[in-house]
Structure formats: C-alpha cells, structure tokens
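Counting in my numbering, the sequence shown runs from 1442 upward without gaps. A short write-up of the structure that comes next.
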Amino acid sequence: MPHPGTEAVIAGVGEPPVGRLVGSNPTELHVEAAMLAIEDAGIDKHDIDGLMTSGTFLNDNIRHHMIIGEHLGLHCKTFCDTLRTGGQSYLNGVQIAKWAVETGQCKAVLLLRGDNILTGVPKGTGLKAYIDYGAHPLEFEVPFGITVPGVYAMIAQRHMHEFGTTSEQLAAIAVACRKHASLNPKAFKREPITVSDVLASPMVSTPLHLLDCSPICDGAGAILITSLERARDLKSKPVRILGTGQAQSYYHLAHLARATGARAEDKARFGLTRTVQSVAAEQAFGRAGVKPSDIDVAELYDSFTITVLLQLEDLGYCAKGEGGAFAADGRLELGGELPVNTHGGLLSFGSSGGINHIIEAARQIRGEGGERQVPNAQLALATNVSAVASNHSIAILGRD
C-alpha cells in the first residue's frame, strides 16, 4: 500500500578501484561494489528487499540480477530487475528505486553495475556486439562502418557546421575532466593534459580525437536507496533525491536527424544538435523546485566531449550553439561557474558506467570529495545518456 510522506534517499554508495583490473570478472566486481555500499550505509544486507543490475557487455541475460543476488546471498523479497538501457540505466534505476521505496513496495533497494570491459572483452568483440544489438539498421548504416565514435562525430560535425563550434572548445571539456581526475586517487587517467595534447592525439573519427573519447576500463559501482526515516538511523549522511526526469527520442541516426514522425512542436526539441535532455531537465528541476543556476556541481555523462557540450546547452546553462564558448571559458573547472565531473568523468575517471556520476554527486553533497570537493555543495546534478545522445535521465540531489 502507498506510504504517504515517505521520502527515498541515497543511504550508501560503493566504488571499487577502476582501470585495468587484470584477473577481475564482472560478478566479483558487482559483489565488491555491493559490499562497499552496504558497509557505507551500515545496513544489514538482509534488510535489502530490492535489487537491480544492468547486466554486462557480453551478458545480456535478463535474469542477471538473480545471478548477482545469489552471489550476494540476497533473497530480494519484493522487487528485482535487470536494466538494459545502456548508459541511461543507472539513473533509471534510481528513479525506479525511489518509486519502490516511496510507495512502500521496498524498504531498501540496491542498484549495481560492474564489468571488466577492458581486460575481459576481446578486441573486435565490442563492435560485433554493437552491430548485433541492432543499434542501427543493417540495410542503411552498418554497411558504411557505423561505430559509436562515428555517430557522435557526425553530431559534433553538425554542431560545428551550425554554430561554429571548434575542436579547441571540445578539447577544453576533456582538459577540465582531467584536471579533476588528477585530484582523484581512484581515477584511471590522472596525467595532466592540455588542449594541444587533445588536438595532437590520434583522430578517431573526425572531428573527435582520442582524448575526446572516454577510455573503456574495468570497474563497478553501487548505490543503496532507502527511506529518509530509516537512513537517519544508519551510518552515513543521507542524500536527498529532490527531483528526477527522463526522456527519449530516437535510436537511429537517420530518424534522429529528421525527427521522423514527430509532432511539429516536438521537432524543435530534438535532432542531431538538440536533445531531449531539455525535457528531462524540465521534469527534474520542476519536481525539485530549483533552477539550473542553483546547482553547485554537475556530474554530466561524458561518453564524448560533444555529449557534455550538448547537455550544457539543453540543461539551460547557455543558449543553443554557445556550449563551446561556455566550456572554453573555464567555467567547468573547480572554482568556475559550474564545476563539471569532479571525479574526472568517463573521460578521465574511466568509462566504467554512468553509475559513478551519481556516486560522485552523492559524495559531493556529503562533503567527501577531498581535494576535488566543491565548497559547501548544497545541490548536485547527475545525468545519464544512452543511444545516440537520444535517451536522457537526470537527478537533482541535495542535503538532508
């Protein structure tokens, strides 16, 4: 039955090391992250009655959550699921867990992600899996050698064509993430880089250089969500989930470019250079009762530098076409107008999943960022993105 007045919060987080973890396997990474989150919250694992995982790159078993639950010794009595929405899965999971707790379906929900993509996936397997997922029509796009970097490169090219965005402006995003990663002892890539370094790195797909692309790595993360009332009796400071939002457009590049079949009023909301992050943001900011300018720190999904630039515009931090100038002015760095990806993001912390953006946002609210802490952070924003920058989720977190 519904539980009026119950508020779901993040009560614990867990984040094992990321990087080249030789000998690791996805199941062990899930379990390690889970135990860290359970210890961080100070909760008895048998009080957890909800479990969600997101599968792994090479394991699309829809019962993946059962495998992980078995290894954890968790008998989840009320809710379990394997989320398969790519990089968007983790904030989708936060939203689902929030609903489950606030409606009384669950007392505590554990959300997990873990994989060894760097050391456990043979070269070439990734591209085959990408094609097998049916991400792009076999008769139209796959014969031309479509890849994930290639898709985002075309979006970046279009943004440059429409608005005059430059490679230097995109590179500034990678530099900001690396500066923050240099302050994070857990980050995969910590060596300082400059805009010149980004531009000198190998071209992956014009105009995206190697350092415009997030490096794959092994890693994991876990988030424990329960009620505010219960969390106040646990070990760590609760982090409030003030507002969430979610929106999606199209999965295929050709349809996305034309907004095929969409209503006239919706065509202005998405395309190659406009994303439905603006729709998700309206939901989240409205539910939280805050404005973009109120946010102290933003953890923006950064599969590529262009992914961040699009979000800066569609979240309302600058007008459409002005994201490059916004990023190049140093506003994304600690001490700037909007510190972004204080853990280093996928671009430097490592591409071990968008769950780490949520974990970092929670740590910033708890004041646990160490050298990369944003002073007196009251409100944090985290985003997840999947498909062709076309599926978006957002959460706004705050202090108790």
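Glycine included, each C-beta is placed from N, C-alpha and C at the ideal position.
Approximately 17 Å separates the beta-carbon atoms of I1596 and T1701; this is outside 8 Å, ruling out the contact. When DSSP states are grouped into helix, strand and coil, I1508 belongs to the helix group.
The alpha helix (DSSP H) runs of length 4 or more contained entirely in the segment 1529-1614 are, from start to end of the chain, 1530-1543, 1558-1561, 1566-1573 and 1589-1604.
Judged by DSSP secondary structure, D1638 falls within the alpha helix (DSSP H) whose first and last residues are V1636 to A1641.
With a contact defined as Cβ atoms closer than 8 Å, N1817 and G1662 miss out at about 25 Å. C-alpha of G1464 to C-alpha of K1761: approximately 45 Å in a straight line. For I1747, the enclosing alpha helix (DSSP H) stretches over residues T1746 to D1755. Assignment of beta-bridge partners to T1824 by DSSP yields I1835. Beta-bridge annotation (DSSP): I1796 is not paired with any residue. Beta-carbon to beta-carbon, L1513 and A1475 are separated by about 6 Å, close enough to satisfy the 8 Å threshold. Straight-line spacing of the CA atoms in T1497 and P1467 works out to 7 Å.
Within the same chain, and ignoring the five residues on either side of G1712 in sequence, the residues whose Cβ sits closer than 6 Å to its Cβ are A1700. Relative to the Cα of G1660, the nearest Cα in the group K1564, F1629 and K1676 belongs to F1629. Each of L1750, A1769, R1813 and V1589 was checked against the Cα of S1827, and the nearest Cα belongs to V1589. In its chain, beyond the 5 residues on either side, G1686 have a beta carbon closer than 6 Å to the beta carbon of Q1724. Distance from the CA of N1825 to the CA of M1493, rounded to the nearest whole angstrom, comes to 16 Å.
DSSP, reduced to helix, strand and coil, places I1806 within a helical segment of the structure shown. Considering only L1640, E1670, T1783 and E1763, the residue with the shortest C-alpha distance to D1737 is T1783.
Distance from Y1531 to A1830 at the Cβ level is roughly 17 Å; contact not present, criterion being Cβ atoms closer than 8 Å. If you compare the alpha carbons of K1518, C1658 and G1483 with that of G1545, the shortest gap goes to K1518. Annotation for T1468: the continuous alpha helix (DSSP H) segment containing it runs P1467 to A1482. Per DSSP, F1629 lies in no alpha helix (DSSP H) segment and is marked neither H nor E. Collapsing the DSSP output to three states places Q1814 in coil. When the beta-carbon positions are compared, G1777 and G1785 stay at least 8 Å from each other. Distance from I1682 to L1551 at the Cβ level is roughly 15 Å; contact not present, criterion being Cβ atoms closer than 8 Å. Here A1641 is exposed: its Cβ has fewer than 16 other Cβ atoms, across all protein chains shown, within 10 Å.
Taking a contact as a CB-CB distance under 8 Å, the pair E1812 and K1627 does not count as one, their CB atoms being some 12 Å apart. The beta carbon of A1821 lies closer than 6 Å to those of V1738, A1802, Q1805, I1806 and L1838 in the same chain, with the five residues before and after it left out.
F1790 counts as buried, since no fewer than 16 other beta carbons sit within 10 angstroms of its beta carbon. Around the CB of A1709, fewer than 16 other CB atoms lie within 10 Å, so the residue is classed as exposed. Rounded to whole angstroms, the Cβ separation of I1587 and V1450 is 41 Å, and the two are not in contact under 8 Å. Taken through DSSP and simplified to helix, strand or coil, G1764 comes out as helix. Following the DSSP letters along the chain, one finds F1520 in no alpha helix (DSSP H) but inside the beta strand (DSSP E) bounded by residues F1520 to T1523. For R1673, the CB contacts under 7 Å within the same chain, skipping 5 residues up- and downstream, are P1679 in chain order.
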